[in-house]
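Residue numbers (this note's numbering), protein chains in the order written: chain W, 1 to 565; chain Z, 1 to 182. Note that beta-carbon positions come from the ideal geometry of N, C-alpha and C, so glycine has one too.
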Amino acid sequence: MYQYTEFDRRFVHQRAAQYRDQLERNLAGRLSDDEFRPLRLQNGWYVQRHAPMLRIAVPYGEISARQLRQLGRIAREYDRGYGHFTTRQNLQFNWIPLDKSADVMDLLAEVDMHGIQTSGNCIRNITSDALAGVAPDEVVDPRPYIEILRQWSTLHPEFAFLPRKFKIAVTGATEDRAAIGWHDIGLQMVRNAAGETGFKVWVGGGMGRTPIIGTLVREFLPWQQILVFIEAIVRVYNRYGRRDNMYKARIKILVKAEGQKFVDAVNTEFGHILNDDVDGGAHTITQAEFDRVQASFVLPPGVSEAGAPVAAPKSDASPAYARWLQRNVHGHRLPGYRAVTLSLKRASLPPGDITADQMDEAAAIAERYSHGELRVTHDQNLLLPWVRESDLPALWEDARAATFATPNIGLITDMIACPGGDFCGLANARSIPVAADITERFSDLDELYDIGDIDLHISGCINSCGHHHSGHIGILGVDKDGKEWYQVSLGGSDGSTLSGTAVPGKVIGPSFAAEEVADAVEAVIETYRRQRAANERFIDTVRRVGIDPFKAPANAVRRSTAHAA
Amino acid sequence: MKFIDTPKDRWHALGGEDGPPVSINPDPYLLLDLAQWHAVRATWPAGVPVGLKLANDVDVEEVADDLGRFELVALHFPKRVDGRAYSQARLLRSRYRFKGEVRATGEVLVDMLPLLARTGFDAVVLRADQSRDAAERALGFFPGHYQGDVADNRPLFARPSGTPARLVRDFDDAFVQQGASI
Chain W
1 MYQYTEFDRR FVHQRAAQYR DQLERNLAGR LSDDEFRPLR LQNGWYVQRH
51 APMLRIAVPY GEISARQLRQ LGRIAREYDR GYGHFTTRQN LQFNWIPLDK
101 SADVMDLLAE VDMHGIQTSG NCIRNITSDA LAGVAPDEVV DPRPYIEILR
151 QWSTLHPEFA FLPRKFKIAV TGATEDRAAI GWHDIGLQMV RNAAGETGFK
201 VWVGGGMGRT PIIGTLVREF LPWQQILVFI EAIVRVYNRY GRRDNMYKAR
251 IKILVKAEGQ KFVDAVNTEF GHILNDDVDG GAHTITQAEF DRVQASFVLP
301 PGVSEAGAPV AAPKSDASPA YARWLQRNVH GHRLPGYRAV TLSLKRASLP
351 PGDITADQMD EAAAIAERYS HGELRVTHDQ NLLLPWVRES DLPALWEDAR
401 AATFATPNIG LITDMIACPG GDFCGLANAR SIPVAADITE RFSDLDELYD
451 IGDIDLHISG CINSCGHHHS GHIGILGVDK DGKEWYQVSL GGSDGSTLSG
501 TAVPGKVIGP SFAAEEVADA VEAVIETYRR QRAANERFID TVRRVGIDPF
551 KAPANAVRRS TAHAA
Chain Z
1 MKFIDTPKDR WHALGGEDGP PVSINPDPYL LLDLAQWHAV RATWPAGVPV
51 GLKLANDVDV EEVADDLGRF ELVALHFPKR VDGRAYSQAR LLRSRYRFKG
101 EVRATGEVLV DMLPLLARTG FDAVVLRADQ SRDAAERALG FFPGHYQGDV
151 ADNRPLFARP SGTPARLVRD FDDAFVQQGA SI
């Protein structure tokens, strides 16, 4: 993990002090609520349905046991005892009173954490592959590069008030586990024919009302130039992105409207910075800086490139253990090591939620089995990156005791869901009850395994925090006449090998009532099971037969919406 | 950072705000908009100080050739959350080496000061209700930053060794405590 320098540490304390000053001026009536709003947003503080929401940055998903314990303490002492992991690898609290917010920022700074740029129209927390640094298919470990990007983007003075939010995702593996095509900037680390390291750069992907996949703007950018190239992209966006209509303000709209002209403008700006500006090449990353940052991302103490003795699986393994091995345990680049997902998808809690006690338990498990390091995954689970194969049986027992061992990773109940209308002020409909209905409907493990790999994503509104566009099955909450309705779409993809080229799903018909959604999903799944060829996965069947065969069975479950279909 | 006290400011717009470019006498310290400047640029005498105010959707490239003739460029924030003028200022300084005053006008609030200072503004007209003391204080929270800025475009990592350590300091309690009292 990245180790904060004394400068980094003071910097987050300074940010906390600045925030406290702004909060106190607000509480004293010297800074209006309206004018305080963008300031608190850029520290992660929203005002939600019931109380403020705090979104805490977990840069590229890496978190230590010590940090997770501190989050548990905050959950216990300032919130109602739980938090929620998001698709952007962050953690959200929902019940902290605003007048306590500066105290919480101080507690976060104690463990090198903050809420900087987790909201607002600025460059947001940068996300990555949860398996960064341990994935067997990794070409380049992206973490040092992302850390350098994180520092560069932190409190960038020119880019704090962009037309709209700006999200960057980076992967260094051949498999895209970071959905880079769906981001404002997607970066894939590659090596060219000469063996040099660089970035393949996409711009202008995004979800929301207008789902668009990013456009490839650079096949190979030498790694040293990434800060300058991103400066060029963001400056073109800051100058020319639309500000007249917030629904058309994301960079995807600019890229789509301008096409090649946008790409040309970025390349021209890039050239101007390097050739014309005062000290314009100053942000070219030096080898010394790369080496300094990379030194934080070495193997944990006691782990070597040679790995560990390969442990044979237990011959007397129970079926439950075998299932956990199959779904929750992943390959590792070092022999004798595994990456293990702690599932936060269980019937007792909403997807991605974790209690304060469970934070402590996950921290203890990470210390016992993973050198005190965890990752927050894009699909709202926790992952242990450094588990020895010989520890797997003991880890399974501990994970089970802490309710983290549901063997469902990649299956229909491992769904992505936003907090929805139960918490979020933007939502049109609730996500959590729908997620609970579907989880209950598919509680039979044999059935779950028979259905196989499937991405089910639920968003409570078109802002798409639950990534419904990229779900094999996408569920979108919509509001009509003050009531909650749900659109169901099929065939979306996040861009992974399993899911295929990134693409939004297609809606299968008029919206369903809340109580019909689980039935509709079940009808879709039953149709798949009837239609599938041998060993064919859900998404492959949908692609082969199209969405039409799913429409009639889904419509047949309608009760209150029967007139609509 | 210079705080402009508007009644005492020697710069003035042409009679009435943003009027059509009729006949313009080359008085010193006139602050002209782009249309007005275009009407007089061929005849404006050298040596008579003149300033330009730019809307935030104007490309600074358009006036690049004339920048040497202005003592002042005023950039506008129609809304506090519209960040286009930060890029304009940055380009004026870093790309076109503009050495005159770059002034922020419009909805200019206390908490924008750190951004303004680092993108090249050296003068501000605060919105009438804003506290100058609070604005000066807002400049004091961060001894250093990661990325470069117009004062020194080198990011922290490219500065001389020892720079980060020199920038590490704690606030004294008095500074932290005085916030709400200003």
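Cβ pair residue i, residue j closer than 8 Å
{"i": "LYS345(W)", "j": "ASN408(W)", "result": "yes"}
{"i": "TRP152(W)", "j": "GLN178(Z)", "result": "no"}
{"i": "VAL255(W)", "j": "ALA109(W)", "result": "no"}
{"i": "ILE547(W)", "j": "GLY491(W)", "result": "yes"}
{"i": "THR87(W)", "j": "CYS461(W)", "result": "no"}
{"i": "VAL217(W)", "j": "VAL228(W)", "result": "no"}
{"i": "GLY420(W)", "j": "ILE438(W)", "result": "no"}
{"i": "LEU92(Z)", "j": "VAL108(Z)", "result": "no"}
{"i": "ILE473(W)", "j": "VAL521(W)", "result": "yes"}
{"i": "ALA179(W)", "j": "SER470(W)", "result": "yes"}
{"i": "PHE157(Z)", "j": "GLU289(W)", "result": "yes"}
{"i": "GLY181(W)", "j": "ARG250(W)", "result": "no"}
{"i": "GLN225(W)", "j": "THR284(W)", "result": "yes"}
{"i": "GLY206(W)", "j": "ASP184(W)", "result": "yes"}
Coil, strand or helix - residue i by DSSP
{"i": "ASP103(W)", "result": "helix"}
{"i": "GLY420(W)", "result": "helix"}
{"i": "LYS256(W)", "result": "helix"}
{"i": "VAL48(Z)", "result": "coil"}
{"i": "LYS248(W)", "result": "helix"}
{"i": "PRO144(W)", "result": "helix"}
{"i": "SER560(W)", "result": "coil"}
{"i": "LEU274(W)", "result": "helix"}
{"i": "PHE98(Z)", "result": "coil"}
{"i": "SER153(W)", "result": "helix"}
{"i": "LYS314(W)", "result": "coil"}
{"i": "LYS165(W)", "result": "coil"}
{"i": "SER390(W)", "result": "helix"}
{"i": "LEU126(Z)", "result": "coil"}
{"i": "THR527(W)", "result": "helix"}
{"i": "LYS8(Z)", "result": "helix"}
Beta strand (DSSP E) segment containing residue i, residue limits
{"i": "TRP202(W)", "result": "197-203"}
{"i": "PHE93(W)", "result": "91-93"}
{"i": "ASP21(W)", "result": "Note, ASP21(W): premise wrong, no beta strand (DSSP E); alpha helix (DSSP H) at 6-27."}
{"i": "GLN487(W)", "result": "483-490"}
{"i": "PRO549(W)", "result": "Not the beta strand (DSSP E): PRO549(W) falls in the alpha helix (DSSP H), residues 548-555."}
{"i": "PRO52(W)", "result": "52-56"}
{"i": "ILE451(W)", "result": "Note, ILE451(W): premise wrong, no beta strand (DSSP E); alpha helix (DSSP H) at 445-451."}
{"i": "ASP479(W)", "result": "473-480"}
{"i": "GLN3(W)", "result": "Segment: none, GLN3(W) is in no beta strand (DSSP E) and carries neither H nor E."}
Terminal residues of the alpha helix (DSSP H) in which residue i lies
{"i": "SER185(Z)", "result": "Residue 185(Z) lies beyond the residue range present for chain Z, which begins at 1 and ends at 182; the question has no answer from this structure."}
{"i": "ILE24(Z)", "result": "Here ILE24(Z) belongs to no alpha helix (DSSP H), and DSSP marks it neither H nor E."}
{"i": "ALA435(W)", "result": "432-441"}
{"i": "GLU536(W)", "result": "Looking at the DSSP string, GLU536(W) is not in any alpha helix (DSSP H), and its letter there is neither H nor E."}
{"i": "MET112(Z)", "result": "Premise fails: MET112(Z) is in no alpha helix (DSSP H) and is neither H nor E."}
Environment of residue i [buried if 16+ CB atoms lie within 10 Å]
{"i": "THR268(W)", "result": "exposed"}
{"i": "GLY183(Z)", "result": "Here chain Z comprises residues numbered 1 to 182, so residue 183(Z) is not present and cannot be evaluated."}
{"i": "ARG20(W)", "result": "buried"}
{"i": "GLY83(W)", "result": "buried"}
{"i": "ARG40(W)", "result": "buried"}
{"i": "ALA339(W)", "result": "buried"}
{"i": "THR6(Z)", "result": "exposed"}
{"i": "LYS53(Z)", "result": "buried"}
{"i": "ALA320(W)", "result": "exposed"}
{"i": "PRO211(W)", "result": "buried"}
{"i": "GLN380(W)", "result": "buried"}
7 Å Cβ cut-off: residues of chain C touching residue i
{"i": "ARG95(Z)", "result": "The structure shown contains no chain C; its protein chains are W and Z."}
Closer than 9 Å, Cβ to Cβ, to anything on chain W: give me those residues from the segment 31-53 of chain Z, in chain order.
none
Residues of the segment 264-283 of chain W whose Cβ lies closer than 8 Å to any Cβ of chain Z, in chain order
From the segment 264-283 of chain W, only HIS272, ASP276, ASP277, VAL278, ASP279, GLY280, ALA282 and HIS283 have a Cβ closer than 8 Å to chain Z.
Proximal residues, the segment 119-131 of chain Z versus chain W, C-beta separation under 9 Å
THR119 and SER131
Could you list the residues in the segment 127-160 of chain Z with a C-beta less than 9 Å from some C-beta on chain W, going in chain order?
For chain W, the residues of the segment 127-160 of chain Z that bring a beta carbon within less than 9 Å of one of its beta carbons are SER131, ALA134, ARG137, ALA138, PHE141, PHE142, PRO143, GLY144, HIS145, TYR146, GLN147, GLY148, ASP149, VAL150, ASP152, ASN153, ARG154, PRO155, LEU156, PHE157 and ALA158, in chain order.
Please identify, using Cβ separations under 8 Å, the residues of the segment 66-86 of chain Z that lie next to chain W, in order along the chain.
ARG80, VAL81, ASP82, GLY83, ARG84 and TYR86
When Cβ atoms are compared, which residues of the segment 224-237 of chain W fall closer than 8 Å to chain Z?
LEU227 and ARG235
At a Cβ cut of 8 Å, what residues of the segment 23-53 of chain W count as close to chain Z, listed as they run along the chain?
Sequence-ordered contacts of the segment 23-53 of chain W with chain Z read GLU24, ARG25, LEU27, ALA28, ARG30, LEU31, GLU35, PRO38 and LEU39 [C-beta pairs closer than 8 Å].
In the segment 153-166 of chain W, which residues sit with their C-beta less than 9 Å from some C-beta in chain Z, listed in chain order?
SER153, THR154, LEU155, HIS156, PRO157, GLU158, PHE159, ALA160, PHE161, LEU162 and PRO163
Pull out every residue of the segment 94-113 of chain Z whose Cβ sits closer than 8 Å to any Cβ of chain W, in chain order.
SER94, ARG95, ARG97, LEU109, VAL110 and ASP111
Note down, in chain order, all residues in the segment 511-523 of chain W with a beta-carbon under 7 Å from any beta-carbon belonging to chain Z.
none
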